[in-house]
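Student: Sequential numbering of the sequence shown, starting at 0, is according to numbering that gives the first Met the number 0.
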Amino acid sequence: MPRAGLSTEVIVEEAARVVDQVGRNRLTLAELAKRFGVAQPSLYKHVDGLEDLHRLLSMKVMYDMGDIIRRASTGKAGADALRAVANAYRSFALAHPGHYTYVFRTPTPGDTQFAAATDDVLSVLYAVFEGYGISGEDVVDAARFVRSTLHGFVRLELDGGFEMPYSIDRSFEHLIEATDQALANW
Numbered sequence: 000m001p002r003a004g005l006s007t008e009v010i011v012e013e014a015a016r017v018v019d020q021v022g023r024n025r026l027t028l029a030e031l032a033k034r035f036g037v038a039q040p041s042l043y044k045h046v047d048g049l050e051d052l053h054r055l056l057s058m059k060v061m062y063d064m065g066d067i068i069r070r071a072s073t074g075k076a077g078a079d080a081l082r083a084v085a086n087a088y089r090s091f092a093l094a095h096p097g098h099y100t101y102v103f104r105t106p107t108p109g110d111t112q113f114a115a116a117t118d119d120v121l122s123v124l125y126a127v128f129e130g131y132g133i134s135g136e137d138v139v140d141a142a143r144f145v146r147s148t149l150h151g152f153v154r155l156e157l158d159g160g161f162e163m164p165y166s167i168d169r170s171f172e173h174l175i176e177a178t179d180q181a182l183a184n185w
């Protein structure tokens, strides 16, 4: 019989805390079972194993990220929307470094649930691009450009790659301005 209160959602939430505390590579079903005070096989009533848990975490992170950047950009257009999305994206990654490792997980072909989670984030970016007049197939190129730009900066920041005694925030602001210029001339 499953432990009262134990559900897939509860397990995923605790797994998210684990990855922020100790990192993605140290997430195990044994650790989760220990935290819940249950035998490891009890978790299989709710998740299909560690790989399924990673998939569920990826979906949670994508929906969380989509929600955060959507709220940040609502009512804004063009450079203001881009700035809001970029700052929310970076803040999310810095606040949840373990979560962030799941942002670019590749979905299994045919996994419509995972695709929907990814589309949730992309729909916000596409709305930002509308403010720049970017449409059609160009939105895919713009999305790749913006995601690569933001991810590169954030990943370097998380990994301690900006050790020079200069303001990281200032550098990020320049990155946003340069991205705005690029999108304005797309």
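Here a beta-carbon is modelled for each residue, glycine too, at the ideal position from N, C-alpha and C.
State whether the segment 175 to 185 contacts the segment 128 to 140, with contact taken as three or more CB pairs (one from each stretch) at a distance under 8 Å.
Tutor: Result yes; three or more Cβ-Cβ pairs closer than 8 Å.
Student: So what's F103 in DSSP terms, helix, strand or just coil?
Tutor: The sequence position of residue 103 within the sequence shown is 104, counting from 1. Correct three-state label for F103: coil.
Student: Taking only three categories from DSSP, how would you classify P164?
Tutor: As a position in the sequence shown, residue 164 is number 165, starting the count at 1. Here P164 sits in coil by DSSP.
Student: Per DSSP, what kind of secondary structure is Y43 in: helix, strand or coil?
Tutor: For this step, residue 43 is matched to residue 44 along the sequence shown. Coil at Y43, not helix or strand.
Student: What is the DSSP secondary structure of I67, counted as helix, strand or coil?
Tutor: As a working mapping, residue 67 is identified with position 68 in the sequence shown. It is helical.
Student: Buried or exposed for P108, please, with buried defined as at least 16 other CB atoms from any protein chain shown within 10 angstroms of its CB.
Tutor: The residue labelled residue 108 in the question sits at position 109 within the sequence shown. Exposed.
Student: Three or more C-beta pairs closer than 8 Å, one from the segment 58 to 70 and one from the segment 109 to 128: is that the case here?
Tutor: The segment 58 to 70, when compared against the segment 109 to 128, does touch it at the 8 Å Cβ threshold.
Student: Under a three-way DSSP split, which group does E75 fall into?
Tutor: As a working mapping, residue 75 is identified with position 76 in the sequence shown. One point to set straight first is that residue 75 is Lys, not Glu, in the sequence displayed. Residue state, collapsed to three classes: coil.
Student: Go through its chain and collect everything with a Cβ distance to G22's Cβ below 7 Å, but skip five positions before and after it.
Tutor: Counting from one through the sequence shown, the residue named residue 22 turns up at place 23. Closer than 7 Å at Cβ, skipping near neighbours: G97.
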